[in-house]
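This report refers to the structure that appears directly beneath it.
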Amino acid sequence: MNGPSTDALVLVGLRGAGKSTVGRRVAGLLGRPFVDLDCVVEGNAGATIRSLFAEQGELAFRDLEATALTETLRLVPGAVVATGGGVVLRAENRAALKGTFVVYLSGSPGVLAARVASDPGTADGRPALVEGGWLAEASQLLAVRDPLYREVACAVVDVQRPLSEVLEAVLAAVKATPR
Ligand code: S3P
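Note that this note's numbering gives residue 87 to position 88 of the sequence shown, counting from 1, and the numbers run on in steps of one.
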């Protein structure tokens, strides 16, 4: 697990974990700026993530994601940052996250896949990364990424409960950690 925090509060986890929803709410409660890293990528590129993947490929997206992460951490002090689910894949990103307070929003593949499937915005707006549907994708990605999420995390919060409890758990983790 990651060490104590500096400035940014960064949410990591798989698609469907609620990073953007939780991040926006936590930022509001803490009176801190909220940044959605996928939106920064889209803004910088002037293209949607879906079209970036389709036209330039995943590697180009990952380069933009890495730049967006370092830019955000440098330019938005104290931000609450919702990351894309694959941000932990690159060692350079994991190194950049080491200085921040990272919360891993964790859930089982079944629960996360069901959430994605029931949210047309998420299901349609993002490229599929694995063939075979959302459950196959969540299972395969989690097998690779769960250890990486845990490597960078200062706290792990189970998202398989009501949003109010998830928010409380994130806030409690932030408060419990000396700055
Ligand atoms: C990705 C997750 C997406 C987005 C991109 C890649 C991933 O973000 O960054 O499609 O590799 O898991 P969300 O986790 O917000 O869906």
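Where a beta carbon is used, it is the ideal one built from N, C-alpha and C, also for glycine.
It should be emphasised that the depicted structure is a prediction, and the values quoted were computed from it without experimental measurement.
- A straight-line Cα-Cα distance of about 24 Å links A171 and T71.
- With the rule of 3 Cβ pairs closer than 8 Å, the region 98–108 counts as touching the region 13–23.
- Counting C-beta atoms within 10 angstroms of its own C-beta, V79 has 16 or more neighbours from the protein chains shown and is therefore classed as buried.
- At a Cβ-Cβ threshold of 7 Å, N92 and L68 count as neighbours.
- If you ignore the 5 residues before and after L28, its C-beta comes within less than 6 Å of no other C-beta in its own chain.
- Annotation for R49: P126 place their beta carbon closer than 6 Å to its own, counting only its chain and skipping 5 residues before and after.
- In the DSSP assignment, L72 falls within the alpha helix (DSSP H) that extends over E57 to L74.
- The three-state secondary structure of S117, taken from DSSP, is coil.
- The beta carbon of D37 sits closer than 6 Å to at least one heavy atom of the ligand S3P.
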